[in-house]
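**Student:** Residue numbers for the first sequence, in the numbering used here: 3 to 463.
Idealized CB from N, CA, C, for every residue including glycine.
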Amino acid sequence: MTALVWFTRDLRVHDHPALRAALDRHRRVVPVFCFEDRLLGGRHASGPRTQFLLECLGELSSALADRGGGLVIRRGRAEEALPELAAEVGAEEVHLTADVGPFARRRMDALARAGLEAVAHPGVAVVDDLGEVRTQAGGPYTVFSPFHRRWLEEPRRVVLGAPRTLPPLPSGVAKGRLPSLESLGLEQEVEEPPPGGEEAARERLSRFIRGDLREYSDNHDALGRDRTSRLSPYLHFGCLSAREVEERLPGGRGSEEFRRQVCWRDFHHHVLLHFPRNARSEFQQRYRGSISWSYAEKRFEAWCQGRTGFPLVDAGMRQLRRAGWMHNRARLVVGSFLTKDLGIDWRWGERWFMRLLVDGDEANNNGNWQWIASVGTDPAPAYRRIYNPARHMERYDPNGDYVRRYVPELSDVPDEHLAEPWNMPEEVQRGAGCVIGADYPEPIVDHAEARREALERYRVP
DNA sequence: TTTTGAGTTGTTCGA
DNA sequence: GTCGAACAACTCAAA
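This is the structure:
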């Protein structure tokens, strides 16, 4: 008996329930990854993320080969390529890790229609059956805190080790080759991307647990220090299982806080599972079609390029361009700025993030964009989510380390003018080599005025 | 069914 | 500079 193991966003050998189940039940196991043009060229296409994916796959392939097996690479629609491969190797079922997005779920249905039995296993979230976490009334949760309380009580599965050995691939099966990024029609737009792969992921997790986790509660919001885990890309592609991450937390205040952040990931996945239409429209019905979003392209472009004239916003956006990643606190500030100060449709911001973020994840990205746009699951009123970039800089980047790292024009601006450089007297501007309007942009909006207009927009009957 | 407590991460204004 | 109040009433989830 032969089975396929279809890898999607679970690119690891440790703690992999689908792989383990296939090995337990079948003598021959054929691991496969399928490049889908729909994903590579669709609205979530991304050069940086695909490059990261290629690195993960290269390493996964070696890890499987080191254990006696291998990874088959195919190109095309899964519901065509997988039944084809199944026929080649005489497999009747395919094991995979269940996912929550609308696309992943449609794809799984298509596979069933194509006549290949698909067996889904847990492995993306911490909790096994996210859809079955229910309120007492039997419905899905839409507020984080009650979800979190319940989530802490949910049963957990046992963390699995990596298999020691794997059966060899059937002789004669075409293994296929990893494509190059260029051949996929994509380019690496990011200068300093994180390295992909399970090894890098496990190394980073260990380092985080030994180091910054202890002081995580106090430091995770400090932009200049940047003591976050940076595990998000690895969690997105499943180089690490979220369940194993949780299991390895040693306890204590930092662990509690970090675990709560991991719970947000499960929460966003839970919400998207139950409300797939969120992928395209507002979770809150009262805001669907009732807010007149701006589509001002020049302003959007200024935001994308980090040239808004607000140092913290620009630093965040340039970090995204440079690293394919942005500090969470900065994501909130740039998100608030785009949707509240510029009044631009949150979907534009969501799309730009998906293009550059190595950790770009439909559930998390959509959930967080809707949250900061005040159209999602956040119960707080919009006026509490209009962030002042200057106040945020004073609070979370008081020495300007973060801003100066990513906005070099401002390196010599004195601390007291860094949050609002447009208020610098002219001779100070010249002294700092930063003339506003020449070396660094004028602010593209007046925040106080933009705030008043935003409050108007959200005043929906 | 009704009631009750609570809701990630704020900002501004005026005393 | 510091502090408390206002922002605007609403909906979720559990008891």
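Alpha carbon to alpha carbon, how far is GLY337 from LEU314?
**Tutor:** For the purposes of this step, residue 337 is identified with residue 335 of the first sequence, where counting begins at 1. For the purposes of this step, residue 314 is identified with residue 312 of the first sequence, where counting begins at 1. Taking the straight line joining both Cα atoms gives about 12 Å.
**Student:** Taking GLY72 as the reference, give the member of VAL15, CYS436, LEU154 with the closest Cα.
**Tutor:** Translated into positions along the first sequence, residue 72 becomes position 70. Selected option, being the one with the closest Cα: VAL15.
**Student:** Restricting to runs no shorter than 3 residues, where is the beta strand (DSSP E) found entirely within the region 8-37?
**Tutor:** Complete beta strand (DSSP E) runs here, min 3: 30-37.
**Student:** Using the DSSP secondary-structure output, state which residues sit across from TYR442 in a beta bridge.
**Tutor:** As a working mapping, residue 442 is identified with position 440 in the first sequence. Bridge partners of TYR442: ILE438.
**Student:** Across which residues does DSSP place GLU95 in a beta bridge pair?
**Tutor:** In the first sequence, the residue the question calls residue 95 occupies position 93. Answer by DSSP bridge pairing, in chain order: ALA5, GLU119.
**Student:** In three-state DSSP terms, what is VAL74?
**Tutor:** Walking along the first sequence from the start, residue 74 turns up at place 72. In this structure, VAL74 counts as strand in the three-state DSSP scheme.
**Student:** Is the region 47-66 touching the region 167-183, taking contact as three or more C-beta pairs under 8 Å?
**Tutor:** Counting Cβ pairs under 8 Å, three or more are found: they touch.
**Student:** DSSP three-state call for ILE211: helix, strand or coil?
**Tutor:** Here residue 211 refers to the residue found at position 209 of the first sequence. Reduced to three states, the DSSP call for ILE211 is helix.
**Student:** By how many angstroms is the C-alpha of CYS265 removed from the C-alpha of PRO383?
**Tutor:** Numbered from its first residue, the first sequence carries residue 383 at position 381. Numbered from its first residue, the first sequence carries residue 265 at position 263. Distance between the alpha carbons of PRO383 and CYS265 is about 23 Å.
**Student:** Grab the span of the alpha helix (DSSP H) containing GLY49 for me, first residue to last.
**Tutor:** Numbered from 1 along the first sequence, position 47 holds the residue referred to as residue 49. First-last of the alpha helix (DSSP H) with GLY49: 49-68.
**Student:** Express the C-alpha separation of PHE149 and PRO157 in angstroms, rounding to a whole number.
**Tutor:** Here residue 157 refers to the residue found at position 155 of the first sequence. Here residue 149 refers to the residue found at position 147 of the first sequence. Those two C-alpha atoms are separated by around 14 Å.
**Student:** Output the distance between the C-alpha atoms of LEU412 and GLY369, rounded to the nearest integer angstrom.
**Tutor:** Counting from 1 along the first sequence, the entry for residue 412 is found at position 410. Counting from 1 along the first sequence, the entry for residue 369 is found at position 367. Between LEU412 and GLY369, the C-alpha separation is close to 33 Å.
**Student:** Using 8 Å as the Cβ pair cut-off and three pairs as the minimum, do the region 22-37 and the region 87-97 touch?
**Tutor:** The region 22-37 vs the region 87-97: in contact.
**Student:** Buried or exposed: MET356, going by 16 or more other Cβ atoms within 10 Å of its Cβ?
**Tutor:** Within the first sequence, the letter at position 354 stands for residue 356. Buried.
**Student:** Report the CB separation of PHE54 from PRO181 in whole angstroms; it is logged as a contact under 8 Å.
**Tutor:** By 1-based counting over the first sequence, the position of residue 54 is 52. By 1-based counting over the first sequence, the position of residue 181 is 179. With a Cβ gap of about 14 Å, PHE54 and PRO181 do not count as contacting.
**Student:** May I ask you to list the residues that DSSP assigns as paired with SER296?
**Tutor:** Taking the first residue of the first sequence as 1, we reach residue 296 at position 294. BP columns for SER296 point to ILE346.
**Student:** Quick one: give me the first and last residue of the alpha helix (DSSP H) that ARG453 is part of.
**Tutor:** If you number the first sequence from 1, residue 453 lands on position 451. Where ARG453 is concerned, the enclosing alpha helix (DSSP H) stretches over 449-459.
**Student:** Excluding the 5 residues flanking VAL437 on each side, which residues of the same chain have their C-beta closer than 6 Å to its C-beta?
**Tutor:** Here residue 437 refers to the residue found at position 435 when the first sequence is read from its first residue. Taken in chain order, the residues that qualify are GLN431.
**Student:** Once DSSP output is grouped into helix, strand and coil, what is the label at VAL145?
**Tutor:** Counted from its first residue, the first sequence places residue 145 at position 143. VAL145 falls in the coil class under three-state DSSP.
**Student:** Is it right to say LYS300 is buried, meaning 16 or more other beta carbons lie within 10 angstroms of its own, or is it exposed?
**Tutor:** As a position in the first sequence, residue 300 is number 298, starting the count at 1. Classification of LYS300: exposed, given that the 10 Å Cβ count is below 16.
**Student:** Please state whether the Cβ-Cβ distance between LEU56 and LEU183 is less than 8 Å.
**Tutor:** Numbered from its first residue, the first sequence carries residue 56 at position 54. Numbered from its first residue, the first sequence carries residue 183 at position 181. Yes, these two residues count as a Cβ contact at 8 Å.
**Student:** Alpha carbon to alpha carbon, how far is TYR143 from VAL273?
**Tutor:** For the purposes of this step, residue 143 is taken as residue 141 along the first sequence, with counting starting at 1. For the purposes of this step, residue 273 is taken as residue 271 along the first sequence, with counting starting at 1. Each residue's alpha carbon lies about 7 Å from the other.
**Student:** Pair every Cβ in the region 384-401 with every Cβ in the region 331-347, then say whether three or more of these pairs are closer than 8 Å.
**Tutor:** Touching, yes.
**Student:** Comparing C-alpha positions only, which one of LEU215, PRO410, ALA100, GLY44 sits nearest to PRO443?
**Tutor:** Along the first sequence, one-based indexing puts residue 443 at 441. Minimum Cα distance to PRO443 is reached at PRO410.
**Student:** Give me the Cβ distance between VAL415 and LEU344, rounded to the nearest whole Å; I'm assuming they're in contact under 8 Å.
**Tutor:** Against the first sequence, residue 415 aligns to sequence position 413. Against the first sequence, residue 344 aligns to sequence position 342. That pair is no contact at about 24 Å.
**Student:** When you compare only the Cα positions, how much space is there between TRP348 and GLY125?
**Tutor:** Indexing the first sequence from 1 puts residue 348 at position 346. Indexing the first sequence from 1 puts residue 125 at position 123. The straight-line gap from Cα to Cα measures roughly 30 Å.
**Student:** Pick from ARG216, LEU275, ILE293: whose alpha carbon is nearest that of VAL377?
**Tutor:** In the first sequence, counting from the first residue as 1, residue 377 sits at position 375. If we check each option's Cα against that of VAL377, ILE293 comes out closest.
**Student:** To the nearest angstrom, how far is the alpha carbon of ARG109 from that of ALA304?
**Tutor:** Counting from 1 along the first sequence, the entry for residue 109 is found at position 107. Counting from 1 along the first sequence, the entry for residue 304 is found at position 302. For ARG109 and ALA304, the distance between alpha carbons rounds to 37 Å.
**Student:** Could you give the residue range of the alpha helix (DSSP H) that holds TRP373?
**Tutor:** Taking the first residue of the first sequence as position 1, residue 373 is located at position 371. From DSSP, the alpha helix (DSSP H) with TRP373 extends over 364-374.
**Student:** Are the beta-carbon atoms of CYS241 and CYS58 separated by less than 8 Å?
**Tutor:** Within the first sequence, numbered from 1, the residue matching residue 241 stands at position 239. Within the first sequence, numbered from 1, the residue matching residue 58 stands at position 56. Yes. Within cutoff.
**Student:** Once the 5 residues before and after PHE210 are set aside, which same chain residues still bring their CB inside 6 Å of it?
**Tutor:** Within the first sequence, the letter at position 208 stands for residue 210. Cβ within range, chain order: SER231.
**Student:** Closest to PRO278 by CA distance: which of PHE105, ALA317, GLY163, GLY308 is it?
**Tutor:** The residue given as residue 278 occupies position 276 in the first sequence. When only C-alpha atoms are compared, the closest one is PHE105.
**Student:** Can you give me the C-alpha to C-alpha distance between GLY253 and SER234, rounded to a whole angstrom?
**Tutor:** Here residue 253 refers to the residue found at position 251 when the first sequence is read from its first residue. Here residue 234 refers to the residue found at position 232 when the first sequence is read from its first residue. Cα-Cα distance, rounded: 20 Å.
**Student:** First and last residue of the alpha helix (DSSP H) that includes PRO235?
**Tutor:** As a working mapping, residue 235 is identified with position 233 in the first sequence. Where PRO235 is concerned, the enclosing alpha helix (DSSP H) stretches over 234-238.
**Student:** Within 8 Å, do at least three Cβ pairs link the region 204-223 to the region 115-122?
**Tutor:** The answer is no - the region 204-223 does not touch the region 115-122, with fewer than three Cβ pairs under 8 Å.
**Student:** Quick one: complete alpha helix (DSSP H) runs, 4+ long, within the region 162-237?
**Tutor:** The region 162-237 contains these whole alpha helix (DSSP H) runs: 200-212, 218-221.
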